[in-house]
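Engineer: So the protein lines, in turn, are chains A and B. Take the first sequence: its letters are residues 1 to 310, numbered as in full-length UniProt numbering. Take the second sequence: its letters are residues 1 to 368, numbered as in full-length UniProt numbering. Just dropping this structure here.
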Amino acid sequence: MNPVVLDHITKTYENGKVLAASDVSFEVASGELFGLIGPDGAGKTSLFRILTTLLLPDKGNASVLGLDCNKDFEEIRRRIGYMPGRFSLYQDLTVKENLDFFATLFGSTLEENYSLIKDIYEQIKPFNNRRAGKLSGGMKQKLALCCALIHKPEVLFLDEPTTGVDVVSRKEFWDMLKTLKQQGITIVVSTPYMDEAMLCERIALIQTGKILTIDTPGKIIAAFPVPLYAVKAKDTYRLLTELRKRSEIASCFAFGDYVHITLKDNSNESQTDQLKQELIQAGHEQFEIKRIEPTIEDSFIQLMSQTYGR
Amino acid sequence: MKQFLVFIRKEFFHVFRDKRTLLIMFGLPLVQIVLFGFALTSEVKNITLTVIDNSRDLNSRQLTDKIKSSSYFVVNESNIDYNDVLKLFKKNEAKCALIFPSRFGDDLKHNGKAQIQILTDGSDPNTAKTVVNYISNITSAYQQEISNGKPLEYVITPEPRMLYNEEGNGSLNFIPGVMALVLMIVSTALTSVSVVKEKELGTMEILLVSPFKPLMVLISKAVPYLILSLLNIIMILVLAVFVLDVTIKGSIILLFLESMLFIITCLSLGLMISNTTNSQQTALLLSMMGMMLPTMIFTGFMFPLENMPKVFQWISNIIPSRWYFLIIKAVMLKGLGFGYVWKETLILFGMTVLTLTIALKNFKTRLS
Numbered sequence: 001m002n003p004v005v006l007d008h009i010t011k012t013y014e015n016g017k018v019l020a021a022s023d024v025s026f027e028v029a030s031g032e033l034f035g036l037i038g039p040d041g042a043g044k045t046s047l048f049r050i051l052t053t054l055l056l057p058d059k060g061n062a063s064v065l066g067l068d069c070n071k072d073f074e075e076i077r078r079r080i081g082y083m084p085g086r087f088s089l090y091q092d093l094t095v096k097e098n099l100d101f102f103a104t105l106f107g108s109t110l111e112e113n114y115s116l117i118k119d120i121y122e123q124i125k126p127f128n129n130r131r132a133g134k135l136s137g138g139m140k141q142k143l144a145l146c147c148a149l150i151h152k153p154e155v156l157f158l159d160e161p162t163t164g165v166d167v168v169s170r171k172e173f174w175d176m177l178k179t180l181k182q183q184g185i186t187i188v189v190s191t192p193y194m195d196e197a198m199l200c201e202r203i204a205l206i207q208t209g210k211i212l213t214i215d216t217p218g219k220i221i222a223a224f225p226v227p228l229y230a231v232k233a234k235d236t237y238r239l240l241t242e243l244r245k246r247s248e249i250a251s252c253f254a255f256g257d258y259v260h261i262t263l264k265d266n267s268n269e270s271q272t273d274q275l276k277q278e279l280i281q282a283g284h285e286q287f288e289i290k291r292i293e294p295t296i297e298d299s300f301i302q303l304m305s306q307t308y309g310r
Numbered sequence: 001m002k003q004f005l006v007f008i009r010k011e012f013f014h015v016f017r018d019k020r021t022l023l024i025m026f027g028l029p030l031v032q033i034v035l036f037g038f039a040l041t042s043e044v045k046n047i048t049l050t051v052i053d054n055s056r057d058l059n060s061r062q063l064t065d066k067i068k069s070s071s072y073f074v075v076n077e078s079n080i081d082y083n084d085v086l087k088l089f090k091k092n093e094a095k096c097a098l099i100f101p102s103r104f105g106d107d108l109k110h111n112g113k114a115q116i117q118i119l120t121d122g123s124d125p126n127t128a129k130t131v132v133n134y135i136s137n138i139t140s141a142y143q144q145e146i147s148n149g150k151p152l153e154y155v156i157t158p159e160p161r162m163l164y165n166e167e168g169n170g171s172l173n174f175i176p177g178v179m180a181l182v183l184m185i186v187s188t189a190l191t192s193v194s195v196v197k198e199k200e201l202g203t204m205e206i207l208l209v210s211p212f213k214p215l216m217v218l219i220s221k222a223v224p225y226l227i228l229s230l231l232n233i234i235m236i237l238v239l240a241v242f243v244l245d246v247t248i249k250g251s252i253i254l255l256f257l258e259s260m261l262f263i264i265t266c267l268s269l270g271l272m273i274s275n276t277t278n279s280q281q282t283a284l285l286l287s288m289m290g291m292m293l294p295t296m297i298f299t300g301f302m303f304p305l306e307n308m309p310k311v312f313q314w315i316s317n318i319i320p321s322r323w324y325f326l327i328i329k330a331v332m333l334k335g336l337g338f339g340y341v342w343k344e345t346l347i348l349f350g351m352t353v354l355t356l357t358i359a360l361k362n363f364k365t366r367l368s
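See below:
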């Protein structure tokens with residue numbers, strides 16, 4: 001049996017008014033690095049809390065390590081590691097005190113599983129006597145990860161571990177996750193950053209409580225159904241508004257300096273040339289159009305439009 | 001067990017690293033004791049004293065003149081009789097009265113012993129006490145004088161009577177009162193806040209996910225505050241004895257055991273509050289408004305319960321501090337033993353068991 005199983009989970013808040021998870025099912029294989037990708041408010045944290053036995057679902061069953069999240073919550077709590085989305089350590093305790101406290105709480109010691117956290121801990125060790133509240137964002141995350149790992153959990157749940165962390169620390173963090181994965185720990189991680197999705201083995205794209213798709217990042221991108229074009233002009237905003245008015249455009253979203261578009265009729269390659277000429281004639285300077293490979297974000301938007309009919 | 005100890009140590013770190021908590025915990029009782037002790041025992045000056053002299057002899061004249069010449073009283077000599085004085089008190093036209101019995105001088109000369117009666121308005125116990133003290137002092141100075149330095153030949157015994165408050169509980173009352181109030185604040189407010197803080201900061205999520213039993217979280221939260229509250233009791237008692245000259249008449253051990261019982265009541269109340277709220281502000285507001293106000297009003301140390309409407313008297317019965325106050329007053333000020341306070345202790349114990357059960361039962365092992 002897979003270590004993490006969600007079976008038709010539905011969770012609502014405020015007497016059914018707010019839908020956090022709608023019929024969500026997925027499984028995570030042993031030793032897998034699984035990503036839950038979705039924007040804020042998609043329901044990621046609710047799923048994490050159900051899996052970590054902190055919330056009960058309205059409908060459906062969840063199990064971790066073959067144990068029922070409802071009935072065997074005490075056993076599950078002994079065997080998993082959880083790092084909540086918000087920094088959840090004691091800000092008024094020092095790095096060392098936090099580590100010692102959580103180690104003891106989980107019935108372990110800092111020394112016992114030192115090898116597991118060594119690489120991460122060495123980086124924050126110079127700040128052993130600094131209070132956790134005074135650490136930088138990246139160091140806080142490292143400390144939190146150490147605390148979540150200190151009892152050598154079999155499954156690790158990381159809820160948005162890189163939110164609010166700088167780019168360098170984010171990269172370091174993902175490197176750490178890969179190292180942990182090599183030690184055989186099953187990792188479920190959530191993130192709102194689409195670029196981080198590529199670093200997971202398998203991902204689930206989630207939006208307003210619904211799973212859009214579950215697969216490897218590569219396959220999700222490969223499944224992008226139509227050619228995707230990136231369009232650029234000097235006045236991006238004017239370009240965007242004009243593109244939206246055109247009837248041959250199927251979808252159109254701003255991506256930084258570019259606007260990503262798909263066309264309704266993909267049979268005719270010369271369509272893009274025609275579009276280019278018309279837009280240059282309309283006075284767009286520095287106009288540029290090119291076919292591109294989709295990213296996870298493109299897939300996400302495409303799947304979202306498809307699911308919600310936008 | 002090791003987890004438990006480490007948890008408690010962590011709680012102490014929280015307390016000692018947060019100056020505000022420390023200030024509330026130890027500054028507040030200090031301020032209250034000093035405030036109640038000094039500010040409220042106000043000096044009385046120029047108070048109208050009705051003197052009824054039924055004797056009209058040399059000695060009564062001399063004593064009245066002595067009182068007149070002091071700056072404390074404006075003497076109003078009057079011919080009215082005892083019952084009229086009581087009417088004056090009722091109309092709030094008199095605050096204190098001095099009554100010489102007939103044959104005051106005769107008694108003093110022939111028996112070497114005489115009495116005066118001091119009537120005071122006990123609904124204002126501070127003033128009443130002060131008045132009694134002043135008159136007693138003047139009287140004893142006078143008897144020294146007429147005894148000509150010899151061992152007291154003439155003894156005048158003042159017979160004070162505090163109307164409406166015969167027991168005469170005045171300035172000493174506030175020490176048990178402050179004890180009840182301080183324990184209520186320290187134990188209830190700080191405990192509830194400390195649990196809710198974990199929820200607010202998100203650490204509760206990790207604590208719940210840990211193998212540490214959720215109930216133990218509550219208990220290890222309560223233990224440090226139990227210890228700190230006991231320290232507080234010691235501090236208050238030391239202040240009372242050495243700064244305010246209060247003598248503890250009863251058994252100190254009994255005092256501590258009863259205090260511990262009350263602290264546990266307060267802790268359970270605090271835990272109860274923390275179960276129902278998710279923000280520190282609500283918890284603080286609830287424990288301050290919901291607990292402190294009833295404590296102040298219904299405990300009986302600020303406003304005498306006997307003078308309250310019946311409904312309020314009934315309400316006061318469900319306020320734990322009311323019973324604690326009675327117990328402490330009896331043990332500390334009157335020196336009574338457990339035999340006299342077992343009923344109150346039993347009531348308090350029942351309340352403790354009830355609140356503790358509710359608090360522990362309602363503690364959620366998951367996020368709401």
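Positions of the beta carbon are idealized from the N, C-alpha and C atoms, including for glycine.
Going along the stretch 127–161 of chain A in order, which residues come within less than 7 Å of chain B, judged by CB to CB distance?
Structural biologist: Within the stretch 127–161 of chain A, no residue qualifies.
Engineer: Can you tell which of A:Asp-273, A:Lys-290, A:Thr-179 has its C-alpha closest to the C-alpha of Lys-232 (chain A)?
Structural biologist: Nearest of A:Asp-273, A:Lys-290, A:Thr-179 to Lys-232 (chain A), Cα basis: A:Lys-290.
Engineer: Val-209 (chain B) CB to nearest chain A CB: under 7 Å?
Structural biologist: So, interface residue.
Engineer: Decide if Val-311 (chain B) is buried, meaning its Cβ has at least 16 other Cβ atoms within 10 Å, or exposed.
Structural biologist: That one is exposed.
Engineer: Find the nearest neighbour of Asp-121 (chain B) within the set B:Asn-275, B:Leu-88, B:Ser-60, judged by alpha-carbon distance.
Structural biologist: Checked all of B:Asn-275, B:Leu-88, B:Ser-60; the closest Cα to Asp-121 (chain B) is B:Leu-88.
Engineer: According to DSSP, is Lys-159 (chain B) part of a helix, a strand, or is it coil?
Structural biologist: Correcting the residue type first, residue 159 (chain B) is Glu in the shown sequence and not Lys. Here Glu-159 (chain B) sits in strand by DSSP.
Engineer: Is there at least one Cβ from chain A nearer than 7 Å to Gly-168 (chain B)'s Cβ?
Structural biologist: In this predicted model, Gly-168 (chain B) has a pLDDT of only 46, less than 50, meaning its place in the structure is not dependable; the value taken from the coordinates is given anyway. Not closer than 7 Å to any Cβ of chain A, the Cβ of Gly-168 (chain B) fails to qualify, so no.
Engineer: Comparing C-alpha positions only, which one of B:Ser-259, B:Phe-363, B:Leu-244 sits nearest to Leu-231 (chain B)?
Structural biologist: Among B:Ser-259, B:Phe-363, B:Leu-244, the Cα nearest to that of Leu-231 (chain B) is on B:Ser-259.
Engineer: Using alpha carbons as the reference points, say which of B:Val-246, B:Asn-111, B:Ile-273 lies closest to Lys-329 (chain B).
Structural biologist: Lys-329 (chain B) has its Cα closest to that of B:Val-246, out of B:Val-246, B:Asn-111, B:Ile-273.
Engineer: Buried or exposed: Phe-16 (chain B), going by 16 or more other Cβ atoms within 10 Å of its Cβ?
Structural biologist: The residue in question, Phe-16 (chain B), is exposed, as its Cβ has fewer than 16 Cβ neighbours within 10 Å.
Engineer: What's the gap between the Cα of Leu-343 (chain B) and the Cα of Leu-284 (chain B)?
Structural biologist: A quick correction: the sequence has Lys, not Leu, at residue 343 (chain B). Going from the Cα of Lys-343 (chain B) to the Cα of Leu-284 (chain B) covers about 32 Å.
Engineer: By how many angstroms is the C-alpha of Val-209 (chain B) removed from the C-alpha of Phe-174 (chain B)?
Structural biologist: If I take the Cα positions, the gap works out to 46 Å.
Engineer: Output yes or no for whether 7 Å exceeds the beta carbon distance between Glu-75 (chain B) and Asn-46 (chain B).
Structural biologist: It is Val, not Glu, that sits at residue 75 (chain B) in the sequence shown. In this structure, Asn-46 (chain B) does not lie closer than 7 Å to Val-75 (chain B) by Cβ.
Engineer: In angstroms, rounded to a whole number, what distance separates the CA positions of Gly-81 (chain A) and Asp-166 (chain A)?
Structural biologist: Looking at the two C-alpha atoms, the distance is approximately 24 Å.
Engineer: By the three-class DSSP mapping on this structure, what secondary structure does Val-259 (chain A) have?
Structural biologist: Strand, per DSSP.
Engineer: Examine chain B for any beta-carbon lying closer than 7 Å to the beta-carbon of Arg-238 (chain A), and answer yes or no.
Structural biologist: For Arg-238 (chain A), the answer is no, since every Cβ of chain B falls outside 7 Å of its Cβ.
Engineer: When the Cα of Thr-139 (chain B) is compared with those of B:Thr-203, B:Thr-157, B:Gln-280, which residue comes out closest?
Structural biologist: The option with the nearest alpha carbon to Thr-139 (chain B) is B:Thr-157.
Engineer: Does DSSP put Asn-362 (chain B) in a helix, a strand or coil?
Structural biologist: In this structure, Asn-362 (chain B) counts as helix in the three-state DSSP scheme.
Engineer: Do Ala-204 (chain A) and residue 312 (chain A) count as a contact pair if the criterion is CB distance below 7 Å?
Structural biologist: The structure shown has nothing for residue 312 (chain A), since chain A only spans 1 to 310.
Engineer: Helix, strand or coil for Ala-62 (chain A), going by three-state DSSP, please let me know.
Structural biologist: In this structure, Ala-62 (chain A) counts as strand in the three-state DSSP scheme.
Engineer: Helix, strand or coil for Leu-19 (chain A)? Go by DSSP, reduced to three states.
Structural biologist: Reduced to three states, the DSSP call for Leu-19 (chain A) is strand.
Engineer: Checking contacts by CB at 7 Å: is Asp-92 (chain A) closer than that to chain B?
Structural biologist: Yes, its Cβ sits closer than 7 Å to a Cβ of chain B.
Engineer: Of the residues B:Asn-79, B:Val-217, B:Tyr-72, which one's Cα is nearest the Cα of Asn-137 (chain B)?
Structural biologist: Checking every option, the nearest Cα to that of Asn-137 (chain B) belongs to B:Tyr-72.
Engineer: Starting from the beta carbon of Ser-88 (chain A), find every residue of chain B whose beta carbon is closer than 8 Å, and list them in chain order.
Structural biologist: Going along chain B in sequence order, the residues near Ser-88 (chain A) (Cβ under 8 Å) are Leu-201, Gly-202, Thr-203, Glu-205, Ile-206.
Engineer: Which residues share a DSSP beta bridge with Tyr-82 (chain A)?
Structural biologist: Answer by DSSP bridge pairing, in chain order: A:Phe-157.
Engineer: In the stretch 181–257 of chain B, which residue ranges form an unbroken alpha helix (DSSP H) of at least 4 residues, counting only runs that do not cross its ends?
Structural biologist: Those alpha helix (DSSP H) runs which fall completely within the stretch 181–257 of chain B and span 4+ residues are 190–201, 203–209, 214–242.
Engineer: Which residue wins for smallest C-alpha separation from Leu-254 (chain B), given the options B:Ile-327, B:Pro-294, B:Leu-367, B:Leu-22?
Structural biologist: Comparing Cα-Cα distances from Leu-254 (chain B) to each of B:Ile-327, B:Pro-294, B:Leu-367, B:Leu-22, the minimum goes to B:Ile-327.
Engineer: Which of helix, strand or coil does DSSP assign to Ile-264 (chain B)?
Structural biologist: Note: Ile-264 (chain B) maps to helix in three-state DSSP.
Engineer: So that I know if they touch, is there some Cβ in chain A lying closer than 7 Å to that of Leu-367 (chain B)?
Structural biologist: It does: the Cβ of Leu-367 (chain B) has a partner Cβ on chain A nearer than 7 Å.
Engineer: CA-CA distance, Asn-79 (chain B) and Leu-86 (chain B)?
Structural biologist: For Asn-79 (chain B) and Leu-86 (chain B), the distance between alpha carbons rounds to 14 Å.
Engineer: Let's see if you can read the secondary structure: which residues bound the beta strand (DSSP E) around Ile-211 (chain A)?
Structural biologist: Element bounds for Ile-211 (chain A): 210–215.
Engineer: Assign Glu-32 (chain A) to buried or exposed, taking buried as 16 or more other Cβ atoms, counted over all protein chains shown, within 10 Å of its Cβ.
Structural biologist: So Glu-32 (chain A) ends up on the buried side.
Engineer: With DSSP as the reference, label Val-226 (chain A) as helix, strand or coil.
Structural biologist: DSSP places Val-226 (chain A) in coil when its eight states are reduced to three.
Engineer: Between B:Ile-248, B:Thr-276, B:Ile-118, B:Phe-338, which lies nearest to Ser-192 (chain B) when the distance is taken from Cα to Cα?
Structural biologist: Considering only alpha carbons, the answer is B:Thr-276.
Engineer: Grab the span of the beta strand (DSSP E) containing His-8 (chain A) for me, first residue to last.
Structural biologist: That run of the beta strand (DSSP E) goes 4–13.
Engineer: Could one say the Cβ of Phe-300 (chain A) lies closer than 7 Å to chain B's Cβ atoms, at least one of them?
Structural biologist: Not closer than 7 Å to any Cβ of chain B, the Cβ of Phe-300 (chain A) fails to qualify, so no.
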